[in-house]
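*Asks:* Pasting in a structure now, in structure tokens, and then I'll have a few things to ask.
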Amino acid sequence: YVFDQIEAKEDKVHAYLDTYKKEAYARAKEVQKGIEDGTYTGPLAGVPIAIKDNICIKGKTTTCASKILENFVPQYNAEVIDRLEQAGLVIIGKTNMDEFAMGSTTETSAYGVTRNPWDLEHVPGGSSGGSCAAVAAGETYLALGSDTGGSIRQPSSYCGVTGIKPTYGTVSRYGLVAYASSLDQIGPVGKDVADCAALLEIIAGHDAKDSTSMKREDLDFSASMTDKIVGMKFGVPKEYLSEGLNPEVKEAFMNTLKSLTEMGAVVEFFSMKTTEYMIPAYYIIASAEASSNLERFDGVKYGFRAKEYEGLHDMYKKTRTEGFGEEVKRRIMLGSFVLSSGYYDAYYLKALRTKALIKKEFDQAFSKYDVLLAPASPFTAPKLGESLKDPLAMYLGDIYTVAVNLCGLPGITVPCGKDAAGLPIGIQMIGDCFKENNLFRAAHAYE
Ligand code: GLN
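Just so you know, we're using the working numbering here: the sequence shown kicks off at -17 and counts up by one.
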């Protein structure tokens, strides 16, 4: 079925950078046998899944949607890929994304834009836009994305699908090409909350190959979905509803608060004073880490190398100039600047201190509330081309998602309505660290 949809829609949507039809059919047959003889017993055995192109699959080109990795073929699987294979899922292809996951629209990809299946003139969001568009178009049932500052939650909102960013350390980052290592997490994208819970149960868990991976025992997410939400306490940061929030998104958001109250939950507003510092702190920290992580792409060890150059330094310079796109270069420059001597204290260190203050406010909020509610984005999916004109405006659109990464918190987006043009709107539920169960409980009851 999914390959029929791919054939019918991929020309227009362009969610994939690569598909593995033949192998997927062969694998599906093998898994079918495995189900019959008891090798695969899990609920997702035989289910097709698409993988964001910054997650390594052995023997498959992994480009991060960048020219600099156009011919990079990893020799190993990311930990999540091994886990999917052990559970019998069928990997059907690699999805498009913003180059190195830097962006909010999937337009910074070096291999063409992905379009929003709800309206092809609009972006799918980003950076996991390919994964979310593929699920929305029926071109897969499940997908993996990565989320550094909203890259699963925001495109899930724009595409009307469900996506979760787990607590930092829940899913192994081994084999995920690093953007900002202290913020990156891999997470599921699916049609509903139950699908995401089942997929997260497969990919979550300690991995000795990732030193930031946590040992957790509370990974039975599906169990929490039977609960009602009577008496659950929800908090809404009132600063999140101030200017800049599109009226239609606000209306859908307020309607959701009403439904939750009708279901017996308590919804309260509270003040989050650090809201205005979230975007600057995020972009300083994320760019700083990116500038360091992307040093390794120098034309020597991986992928692309410039054709003509004179000497080693010139080779580095030309390779990186030709290999990286505009947005990636902007982040490398910003990151190198805030880490350079003389500016380190003024910017990077200050951003780290700000992050600690933000974390403190979230801790206070979670002493009162089980779950915090926020829009996933201030607006619905922008038209193609609009966001590239003004990167700063695009950065500001990340206001509701980035603090979750700075604080390592889990966050889920579920659809909560549509605007007048028929574009989906999502609501974001944010939990305390290691409290995914609260998110699954609330999101499942609401959806
Ligand atoms: N839009 C944000 C950025 O460009 C988030 C991206 C992400 O989560 N990978 O950094």
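For glycine and all other residues, C-beta sits at the position ideal for the given N, C-alpha and C. This one's a predicted model, so the numbers in the text were calculated from it and none came from an experiment.
What does a CB cutoff of less than 6 Å around Ala257 pick up in its chain, not counting 5 residues either side in sequence?
*Replies:* It should be pointed out that residue 257 corresponds to Thr in this sequence rather than to Ala. Closer than 6 Å at the Cβ level, and outside the excluded window around Thr257, lie Glu221.
*Asks:* Just checking Asp35 against the ligand GLN - is the residue's beta carbon closer than 7 Å to any of the ligand's heavy atoms?
*Replies:* Asp35 Cβ: outside cutoff for every heavy atom of the ligand GLN.
*Asks:* Determine the closest residue to Ala247 out of Arg423, Thr45, Gln14 and Lys(-9), with distance taken between C-alpha atoms.
*Replies:* Nearest option by C-alpha distance: Arg423.
*Asks:* To the nearest whole angstrom, what separates the beta carbons of Gly24 and Gly70, a pair I think is in contact under 8 Å?
*Replies:* At roughly 6 Å, the Cβ-Cβ gap stays under 8 Å, so Gly24 and Gly70 are in contact.
*Asks:* Can you give me the C-alpha to C-alpha distance between Asp345 and Gly41, rounded to a whole angstrom?
*Replies:* Rounded to the nearest angstrom, the two C-alpha atoms are 43 Å apart.
*Asks:* Quick check on the burial criterion: 16 or more other C-beta atoms within 10 angstroms. Buried or exposed for Ala190?
*Replies:* The residue is exposed, with fewer than 16 neighbouring Cβ atoms inside 10 Å.
*Asks:* Could you tell me which of Met84, His(-4), Arg313 and Cys46 sits nearest to Ser133, measuring between CA atoms?
*Replies:* When only C-alpha atoms are compared, the closest one is Met84.
*Asks:* Could you pull the DSSP bridge partners for Met411 from this structure?
*Replies:* Answer by DSSP bridge pairing, in chain order: Leu355 and Ile394.
*Asks:* Sorted by chain position, which residues of the same chain lie with C-beta nearer than 6 Å to Lys215's C-beta, five sequence neighbours on each side aside?
*Replies:* Same-chain partners within the cutoff: Val248, Tyr351 and Asp352.
*Asks:* Relative to the C-alpha of Tyr2, which candidate in Ser91, Gly305 and Thr43 has its C-alpha closest?
*Replies:* The residue with the shortest Cα to Cα distance from Tyr2 is Thr43.
*Asks:* Considering only heavy atoms of the ligand GLN and the C-beta of each residue, which residues fall inside 6 Å, strictly closer?
*Replies:* Every residue passing the under-6 Å Cβ criterion appears here: Ala83, Met84, Gly85, Ser86, Ser109, Asp129, Thr130, Gly131, Gly132, Ser133, Tyr161, Ala268 and Asp380.
*Asks:* Taking the beta carbon of Val13 as the centre, do at least 16 other beta carbons fall within 10 Å, making it buried, or is it exposed?
*Replies:* Burial call: buried.
*Asks:* For Val80, which three-state DSSP category applies?
*Replies:* Reading off the sequence shown, one finds Asp at residue 80, where the question assumed Val. Coil.
*Asks:* In whole angstroms, what is the alpha-carbon distance linking Leu388 and Lys15?
*Replies:* Between Leu388 and Lys15, the C-alpha separation is close to 44 Å.
*Asks:* Specify the secondary structure class of His295 as computed by DSSP and reduced to three states.
*Replies:* Correct three-state label for His295: helix.
*Asks:* Within 10 angstroms of the Cβ of Gln57, are there 16 or more other Cβ atoms? Answer buried if so, exposed if not.
*Replies:* Exposed, by the Cβ-count rule.
*Asks:* Where Lys300 and Met207 are concerned, what is the direct C-alpha to C-alpha distance, given to the nearest angstrom?
*Replies:* Approximately 53 Å, taken between the alpha carbons.
*Asks:* Report yes or no: do three or more beta-carbon pairs, one from the stretch 137 to 145 and one from the stretch 396 to 408, lie closer than 8 Å?
*Replies:* Flag = yes, the stretch 137 to 145 and the stretch 396 to 408 touch.
*Asks:* Comparing C-alpha positions only, which one of Ile184, Asp372 and Asp414 sits nearest to Gly390?
*Replies:* Checking every option, the nearest Cα to that of Gly390 belongs to Asp414.
*Asks:* When DSSP builds the beta bridges, which residues end up paired with Ala125?
*Replies:* Paired residue(s): Ala32 and Val171.
*Asks:* Using 8 Å as the Cβ pair cut-off and three pairs as the minimum, do the stretch 221 to 240 and the stretch 253 to 268 touch?
*Replies:* Cβ pair count under 8 Å is three or more, so yes.
*Asks:* Of the residues Asp202, Ala270 and Ile33, which one's Cα is nearest the Cα of Asp64?
*Replies:* Taking only the C-alpha atoms, the option nearest Asp64 is Ile33.
*Asks:* Quick check on Gln68: buried or exposed, where buried means 16 or more other Cβ atoms within 10 Å of its Cβ?
*Replies:* Exposed: under 16 other Cβ atoms inside 10 Å.
*Asks:* Taking only the alpha-carbon atoms, compute the straight-line gap between Arg431 and Gly324 and give it to the nearest angstrom.
*Replies:* Lying before the first or after the last residue shown, residue 431 is absent from the chain, which here runs from -17 to 429.
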